[in-house]
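Only one structure is covered here, and it is reproduced in the block below.
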Amino acid sequence: MKYLLCVFTLTLVCLFVSCDSLNKNNDISTENKIQDIHQIDNEEDDKAILSLAKLYCMALDSFMPIDEALNSNMEYISIDIETLEINDEVAKNYIKEYFSKYNVPVIFESYDSLKEQGKVNDMNSLEGILLSITKKEISDKKAVIEGSKYRSG
64 MKYLLCVFTL TLVCLFVSCD SLNKNNDIST ENKIQDIHQI DNEEDDKAIL SLAKLYCMAL
124 DSFMPIDEAL NSNMEYISID IETLEINDEV AKNYIKEYFS KYNVPVIFES YDSLKEQGKV
184 NDMNSLEGIL LSITKKEISD KKAVIEGSKY RSG
């Protein structure tokens, strides 16, 4: 009888350990699935942010041919990032790379920030170009973006 009780107890312990092990593996598997879902969400967020950055680049770049005399001897292109509402470094780097085709430094500063840095002279003119967005309406089907190109006032 003791032998049968020991075998029965040992069987229960093995079954318990085995189930617990399966449960842990299932928890790990579930955890991995959740991490995969978060990674997909993050990748989709990154794609959305990058798509938005590309859209802003196209809009801001369309201002560059307007009054091309303002582009002569520009020392930098400043993009008012606050009007874009982009804080993502990947998007900022994309925008910098995009505007590097003009062979001048690309900075992210507003008019007020440029003024604080002494980059606005007494006549309210800049040594570079300031690009900013003044109004945006973006939906799944269309985007209307209005903005400005500023060099002197």
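Residue numbers are given in the working numbering: position 95 of the sequence shown equals residue 158, and the series is strictly consecutive. Note that beta-carbon positions come from the ideal geometry of N, C-alpha and C, so glycine has one too. Note that this is a predicted model, so its numbers are computed, not measured.
Buried versus exposed call for residue i [16 or more other C-beta atoms within 10 Å across all chains shown]
i      : result
Ile129 : exposed
Ile179 : One detail in the question is off: residue 179 reads as Glu in this sequence, not Ile. Exposed, since its Cβ has fewer than 16 Cβ neighbours within 10 Å.
Glu172 : buried
Ser141 : buried
Cα-Cα separation between residue i and residue j, rounded to whole angstroms
i      : j      : result
Lys110 : Glu200 : 19 Å
Val167 : Lys204 : 34 Å
Glu138 : Asp151 : 25 Å
Tyr119 : Asn187 : 26 Å
Met127 : Ile112 : 23 Å
Ser215 : Gly181 : 14 Å
Glu145 : Phe162 : 17 Å
Ala116 : Lys212 : 18 Å
Glu209 : Asp175 : 20 Å
Ala132 : Ser125 : 15 Å
Asp185 : Ile170 : 21 Å
Asn136 : Ala206 : 32 Å
Leu11  : Lys155 : Beyond the ends of the chain as shown, which are 64 and 216, falls residue 11; an answer cannot be given.
Val183 : Lys198 : 24 Å
Ser202 : Leu193 : 26 Å
Asp90  : Leu177 : Interpretation of Asp90 is limited by its pLDDT of 49, a score under 50 that renders its predicted location unreliable; no figure is taken from the coordinates.
Residue closest to residue i, alpha-carbon to alpha-carbon, out of the options
i      : options                        : result
Gly191 : Leu113, Asp143, Met121         : Asp143
Glu148 : Leu133, Ser195, Val207         : Ser195
Ser114 : Val153, Ser211, Ser135, Leu133 : Val153
Lys159 : Lys212, Lys198, Ser211, Leu123 : Leu123
Tyr165 : Asn134, Lys155, Lys198         : Asn134
Tyr157 : Ser202, Leu189, Met121, Leu177 : Met121
Bridge partners - residue i, DSSP secondary structure assignment
i      : result
Leu193 : Ser141, Tyr213
Ile208 : Lys199
Residue i CB to nearest heavy atom of the ligand COA below 7 Å
i      : result
Asp185 : Among the components of this structure there are no ligands whatsoever, and the ligand COA is therefore not found.
Notebook entry, point to check: Where in the stretch 157-183 do unbroken runs of the alpha helix (DSSP H), each at least 4 residues long, occur, reported from the N-terminal end onward?
Noted result: 174-179
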